[in-house]
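Per full-length UniProt numbering: the sequence shown = residues 1 to 357.
Encoded as structure tokens, the structure appears first; notes follow it.
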Amino acid sequence: MFSKKLSLAVIQGQSWTFAQVKKNKFKLKVTKLSQYSAEGDYTDIIESKVIENNSYEDSELTMVSEPSELESITQLKAWLKENKVPTKKLKLAFSCPGTITRMITLPKMPAKDLDKLLTEQVSQYFTFNVADYLVDYRIVDVFEEEGQKRQRILLAALPILQWKTFCSSLEKMGLKPAVIDLTADSLARLYGKLLDQEKPIKKRDDPSDKISDIAIVDLGTKRVEFILLEKGLFFLYSDQEAELVGLNPAQNSVQNEHSSNSSGSLEDLLNPVLRTLGEFLTFFAARHFGKSIDYIFLTGELADLPMVKELFETSLGVETRQGFPGEWRPEFVRQAKEKHINWMKYGSLYGLALRED
């Protein structure tokens, strides 16, 4: 049986995605999905059609001038009202540039003692001044080692100015979300749960039946997020600015795989992303006695770009998949039906829906 509708929102830069979702364990039904962007570039794109050779027909583009802050607030409020976005019963995930993560292992201890330790002595786990950051934590795993219970903890340091700006924007919108999550954590939750489901049912509780180590790349036009999962658990995160607007399927001319110039352009544009991911994979291997990750998974607005999977595989030597483990995908119904063509784009949204609180 599916749950009542969950109201979810994901914020990435000045782009908002609002959805209503029903869930039954790992099955999701997206009943409503709406998007808003206040960015001053090609944000209003007339629908384009993919033709047989994987190139794209010409599409008319409408330039949107950069709105003032007051205009942006007014427009966003109108969009929130139009879509009946709840002010309180809302789960929200946002992407915070400059977030730094650390994985630490500590002895199992009462929650009160752990909170005190990570409040008063958290600076010892970072090499920078934590006074400029808001540091939060989450217990990722509890395990036993040499007869003692231990716990793996994810620390996330958010630039405090970014956090204050974000909170101020929510206040101006009149929003008081019930849950605030990071898009990276939402993605890690989704992929971690789906990787666990890929294990044979009879071996689900068998620790020898290992879960894959993977890299998740949330490939956006202006920002890319990288997440490494070790056996389905959060291991490492980073992000970087990108200039990939030209790869947007409705705008770009580099999609024709038969054109050598197109292939070169695609590789040139993605080279900074591939280089950063390569450094990530090298770091992972150094921490795991030379073992590389098993798969790269692509999500985000450019995840289904023609030839992008092949480029990642050729450049990094790792099997690359588009979408999610186990060929999982949500169901889009009713007024959200027309959005299903971009279903790979909303990984953070799906992960937020799977959050239990």
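All C-beta atoms, glycine included, are put in the ideal place defined by N, C-alpha and C.
Residues bridged to residue i [DSSP beta-bridge criterion]
{"i": "S169", "result": "Answer is none; S169 lacks a bridge partner."}
{"i": "A78", "result": "Answer by DSSP bridge pairing: none, since A78 is not bridged."}
{"i": "Q35", "result": "T17"}
{"i": "Q151", "result": "L106 and V142"}
{"i": "L229", "result": "I214 and F234"}
{"i": "K29", "result": "K22 and E331"}
{"i": "V130", "result": "For V130, which the question treats as bridged, DSSP gives no partner whatsoever."}
{"i": "Q12", "result": "S15 and S95"}
{"i": "E241", "result": "R223"}
{"i": "P159", "result": "Y133"}
{"i": "V179", "result": "K91"}
{"i": "I100", "result": "A157"}
Sequence-distant residues of the same chain with beta carbon closer than 7 angstroms to residue i, five excluded per side
{"i": "K202", "result": "With a pLDDT of 41 at K202, under the threshold of 50, the predicted position of this residue should be treated as unreliable, and no value is reported."}
{"i": "A286", "result": "none"}
{"i": "E47", "result": "Note on E47: pLDDT 29, under 50, position unreliable in the model; no value is reported."}
{"i": "Q121", "result": "none"}
{"i": "L80", "result": "M173"}
CB contact flag (residue i, residue j, <8 angstroms)
{"i": "L352", "j": "D113", "result": "no"}
{"i": "K27", "j": "K5", "result": "no"}
{"i": "D141", "j": "I214", "result": "no"}
{"i": "T299", "j": "L187", "result": "yes"}
{"i": "R150", "j": "R355", "result": "no"}
{"i": "A156", "j": "D136", "result": "yes"}
{"i": "K89", "j": "S7", "result": "yes"}
{"i": "F226", "j": "S212", "result": "no"}
{"i": "Q240", "j": "T282", "result": "no"}
{"i": "R152", "j": "M103", "result": "yes"}
{"i": "A38", "j": "Q12", "result": "no"}
{"i": "L247", "j": "L274", "result": "no"}
{"i": "I160", "j": "L134", "result": "yes"}
{"i": "A19", "j": "K29", "result": "no"}
{"i": "N83", "j": "S34", "result": "yes"}
Exposure of residue i, with buried meaning 16 or more beta-carbon neighbours within 10 Å
{"i": "S123", "result": "exposed"}
{"i": "D304", "result": "buried"}
{"i": "C96", "result": "buried"}
{"i": "E301", "result": "buried"}
{"i": "D357", "result": "exposed"}
{"i": "T183", "result": "buried"}
{"i": "V308", "result": "buried"}
{"i": "Q221", "result": "The displayed chain sequence assigns Thr, not Gln, to residue 221. Answer is buried; the Cβ neighbour count reaches 16."}
{"i": "S3", "result": "exposed"}
{"i": "Y346", "result": "buried"}
{"i": "T119", "result": "exposed"}
{"i": "E70", "result": "Before going further, note that residue 70 is Leu rather than Glu in the sequence given. The residue in question, L70, is exposed, as its Cβ has fewer than 16 Cβ neighbours within 10 Å."}
{"i": "M1", "result": "exposed"}
{"i": "M63", "result": "Residue placement at M63 is flagged as unreliable, the pLDDT there being 44, under the threshold of 50; the coordinate-derived value follows with that caveat. It is exposed - the Cβ of M63 has fewer than 16 other Cβ atoms within 10 Å."}
{"i": "A93", "result": "buried"}
{"i": "P177", "result": "buried"}
Contacting residues, own chain, Cβ-Cβ under 6 angstroms from residue i (five flanking each side not counted)
{"i": "L233", "result": "V140 and D141"}
{"i": "G216", "result": "For the record, residue 216 in the displayed sequence is Ile; it is not Gly. Once the five neighbours on either side are set aside, the close Cβ partners of I216 are L187, Y191, I227 and F297."}
{"i": "E331", "result": "K29"}
Own chain partners of residue i with C-beta closer than 8 angstroms, once the 5 adjacent residues on each side are dropped
{"i": "E144", "result": "R150"}
Within-8 angstroms CB hit, residue i to chain B
{"i": "E120", "result": "No chain B is part of this structure, which consists of one protein chain only."}
| Going along the chain, which unbroken runs of the beta strand (DSSP E) with 3 or more residues stay wholly within the segment 269-328? | Counting whole runs of 3 or more residues, the segment 269-328 contains the beta strand (DSSP E) stretches 295-299 and 320-322.
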